[in-house]
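Please read the structure below before turning to the comments.
Laid out in structure tokens, this is it:
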């Protein structure tokens, strides 16, 4: 299992370097797709092994069920993005700067995947922080790849706000470490497992402050309100595969870091405090993004706000902290990754076809690009939480988990229900309008690229499949992940 | 001996904060770079002193790497980014809040940092509370600096000083943090500077300015 | 053999009277050398004072007695301060207890006040300008000085200059403590201000519009001018002495009052002065004079330092 894990992390890194050095864009393309699909297969095989706990190099490489869930989610978006990129880049092949653009694109894509896979694949809280900071650096360059004034501004805003937030997160890591020096000695490895087993003896006030800083810091990266201001811009201005990776994988990575703090904090000072904190940030994200979804005129921004909403769902689900809700949270990480990347791919295809991101100007795509439109509509419904799609199942589980202890959690659970429906309304309204109706004049029917459709179809397997049936192996991993979130060793 | 080491450690920590105050007064990019270099130097000195006190070899390594990376390489990179933008580098950086008010605000933030840090029962080998509080003060002032200086380079320097403050705080309360993590963080800083540099140049080329005032197309 | 306290007391004042022009002379000489000029002899201030004493007086029309009296008042003030602070001895002398460090500061302020008043009284526009500017500067410097004295007093739990120096001697590591360093830095900035050094004022300038301290004494002449010149050298000497023997390096003072130890103390003091003079010269030659409107910013820096010192003391426990 440890070799699988090592391969999982190494493949994208090597591919990133190869892509940068490779003289042929086509070569990087083929290698990236092959590597990314291999990564997905490896991640799936980790699920197959039941998601036990492995650790090597003093915790530098590490996996437990929660890691496996994240690895699967990231690898899934990585693989589909790699497939989608073939189609996405095809239309630019004849432009002057293409070889350079493609080289940078593939090098960064793979490195970005590497950093995101590294986050859940280590036990060392310091390395988790470093990996997340690296994702910022790499992805900011990807957002800026388009080179337009707006994309540069978005990249600047993103890297500035995210790095500031992560500075606070680093402070959180340091404080968490310092809280343990009394019991664990001056010099120990800041491993999650070490800290968790020492949690009852950590210095409580320091842990509280560390958790707060971690939620604010990593929450900036996860797009929790009110630290979300960079997110819609970066997601809408970057190339579509990057939007998918940012939304589906990166945000979940940041939430993952918060979950790691969550378990330790809960064991150190009781779960009351961290639950409240997560709940406040989660509900704030739900409320604000729900309303913003309703008034968006740009469909990529629409999905960006929807991502904020789903991070809110994760936060609230973790705050419920009942086994059922946590199971839902773990599942939601995967379903959201699949669904949101699918939605962004659809949006990217429409953008390529019609050359606009405005919902008002997008009409009747079902007549122009039927396959994409159907998949896009499905993604829209799935994102809104309609059955039989995966998000419905995970959100339902989270809600059911909230209702299962009605005394304390009734009000939050009802709030969540209402807010999720609000977001759904907004999404569904737009998806319908965009798909149906008369197409704009002069637009020729025909899919933008078969590869783009293929990527969406691959996503659909997960989006629909997880809604209908959760395999037993995966279910076991999800149960494990649920207990890891609340610090089960 | 110990008393003198303690005092010297506290002294270098205070110097770090003073450099941060100095940044608030600095209106030119070369001033920013120089102050950042000195600030990093004092942070490195603090780390080395902590190394002497605790006998922890890793702290010397961190100090040495800090000197190389943050005293020489990073400021040189910052100056390089702005070399092609000379006409902008010489102009006074626009401020959202004037110098005297900034200094007063920074004083208040320092007080806040002390008040917060003293509530935590943390201990370290070197002047625990004072130095951690000072690190926290550097972070807070760094945030203030970033918010009120309307220039991309200033914001970059602001981010970098945040890291300096955290490094100071880390050495004060958690000097045992493994070397690997410390080095990785420094590596991150270097990467961040490079990426920021690329963005600054691209922005400058496209907009012909390094001020942030025109960057308001995107509303979040 | 020990010298009686009275003799020591007199020696302290004599040290001030005799050696203060020397320090000024050394500073201008070294400064000139740094600027690749030959510069005046280090004894030039003595020659100047001698020359002024032998010149006739001329008094502007319609001035009040304040104009004539002010130089004498200021001169007396400076001599008084020399009795309050540890110039040569580490132990308190009989008259050393007649005022604390704030008392000393007040007496120095009185001297500045008298000179400024005389400048205004003269009716000359330049002298008036200098006086009002000097008052503005000292108003800005006052809070910082008070804070510095408070901080040092908090550390040593007393406001007697002798005891303050003793506190530092007993724990030398504290010299580097943040609180101490910050207040020393703040005090040093205020010394630059009070002695009319760059970046506040240029000593060698002859441009009336840039002057502050120098302008105040434009209308004086003869013996009064000599007293004022001598007085300003004494003020510088006093401030350096406070800086050195109380705040920064209170070592080398005479502990028992024996003639040899007093001699050592004198030489040590002069040596320390030379170091400070070197620093001042370095600052004078590497910075330029600030515009008048930038002076508050400079004072602000000093104020920040002193407040930080107090914050560090109260919250850091050191």
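Protein chains in written order, with this note's numbering: chain D, 2 to 490; chain X, 5 to 224; chain S, 41 to 358. Even for Gly, the Cβ is constructed at its ideal location relative to N, Cα and C.
Neighbour flag for residue i against chain X, beta carbons, 8 Å
i: residue 288 of chain D; result: no
i: residue 214 of chain S; result: yes
i: residue 178 of chain D; result: yes
i: residue 439 of chain D; result: no
i: residue 217 of chain S; result: yes
i: residue 222 of chain S; result: yes
i: residue 200 of chain S; result: no
i: residue 164 of chain D; result: yes
i: residue 134 of chain S; result: no
i: residue 206 of chain S; result: no
i: residue 250 of chain S; result: no
Secondary structure of residue i, DSSP reduced to three states
i: residue 358 of chain S; result: No answer about residue 358 of chain S holds up, because its pLDDT of 45 lies below 50 and its placement is not dependable.
i: residue 97 of chain D; result: coil
i: residue 350 of chain S; result: helix
i: residue 255 of chain S; result: helix
i: residue 153 of chain X; result: strand
i: residue 92 of chain D; result: coil
i: residue 199 of chain D; result: coil
i: residue 225 of chain D; result: coil
i: residue 299 of chain D; result: strand
Supposed close pair residue i, residue j - CB separation, criterion 8 Å
i: residue 358 of chain D; j: residue 237 of chain D; result: 7 Å
i: residue 39 of chain X; j: residue 30 of chain X; result: 6 Å
i: residue 101 of chain S; j: residue 162 of chain S; result: Contact flag wrong, Cβ pair sits at about 10 Å.
i: residue 279 of chain D; j: residue 223 of chain D; result: With a Cβ gap of about 11 Å, residue 279 of chain D and residue 223 of chain D do not count as contacting.
i: residue 111 of chain D; j: residue 20 of chain D; result: 6 Å
i: residue 177 of chain S; j: residue 240 of chain S; result: 7 Å
i: residue 114 of chain S; j: residue 268 of chain S; result: 7 Å
i: residue 164 of chain D; j: residue 196 of chain X; result: 6 Å
i: residue 189 of chain X; j: residue 48 of chain D; result: Their Cβ separation, rounded to whole angstroms, is 33 Å, which puts residue 189 of chain X and residue 48 of chain D out of contact at 8 Å.
i: residue 292 of chain D; j: residue 402 of chain D; result: At roughly 25 Å, the Cβ-Cβ gap does not stay under 8 Å, so residue 292 of chain D and residue 402 of chain D are not in contact.
i: residue 248 of chain D; j: residue 332 of chain D; result: The Cβ separation is near 17 Å, so there is no contact.
Rounded separation between residue i and residue j - CA only
i: residue 101 of chain D; j: residue 29 of chain D; result: 12 Å
i: residue 213 of chain S; j: residue 78 of chain D; result: 60 Å
i: residue 451 of chain D; j: residue 156 of chain D; result: 30 Å
i: residue 405 of chain D; j: residue 275 of chain D; result: 20 Å
i: residue 327 of chain D; j: residue 334 of chain D; result: 11 Å
i: residue 151 of chain S; j: residue 26 of chain X; result: 34 Å
i: residue 337 of chain S; j: residue 215 of chain S; result: 27 Å
i: residue 106 of chain X; j: residue 9 of chain X; result: 32 Å
i: residue 415 of chain D; j: residue 189 of chain D; result: 44 Å
i: residue 259 of chain D; j: residue 168 of chain D; result: 15 Å
i: residue 70 of chain X; j: residue 327 of chain S; result: 30 Å
i: residue 358 of chain S; j: residue 348 of chain S; result: Its pLDDT being 45, under 50, residue 358 of chain S is placed unreliably by the model, and nothing is read from it.
i: residue 425 of chain D; j: residue 344 of chain S; result: 55 Å
i: residue 248 of chain S; j: residue 313 of chain S; result: 30 Å
i: residue 41 of chain X; j: residue 460 of chain D; result: 49 Å
Cutoff 8 Å: residue i Cβ touching any chain D Cβ
i: residue 180 of chain X; result: yes
i: residue 159 of chain X; result: yes
i: residue 96 of chain X; result: no
i: residue 195 of chain X; result: yes
i: residue 173 of chain X; result: yes
i: residue 125 of chain X; result: yes
i: residue 167 of chain X; result: yes
Contact test: residue i Cβ vs the ligand PLP heavy atom, cutoff 7 Å
i: residue 74 of chain X; result: The model on display carries no ligand, and the ligand PLP is accordingly not part of it.
Proximity test, Cβ basis, 8 Å: residue i and chain S
i: residue 139 of chain X; result: no
i: residue 202 of chain X; result: no
Partners in chain B for residue i, counting only beta-carbon separations shorter than 7 Å
i: residue 12 of chain X; result: No chain B appears in this structure, whose protein chains are D, X and S.
Where in the region 303 to 327 of chain S do unbroken runs of the alpha helix (DSSP H), each at least 4 residues long, occur, reported from the N-terminal end onward?
none
Runs of 4 residues minimum, wholly inside the region 102 to 166 of chain D: which ones carry the alpha helix (DSSP H) assignment?
126 to 144
List, from N- to C-terminal side, the alpha helix (DSSP H) runs of 4 residues or more that fit wholly inside the region 215 to 276 of chain D.
232 to 238, 241 to 245, 252 to 270
Could I get the ranges of all uninterrupted alpha helix (DSSP H) runs contained in the region 176 to 254 of chain S, with 4 residues as the minimum, in chain order?
201 to 210, 218 to 234
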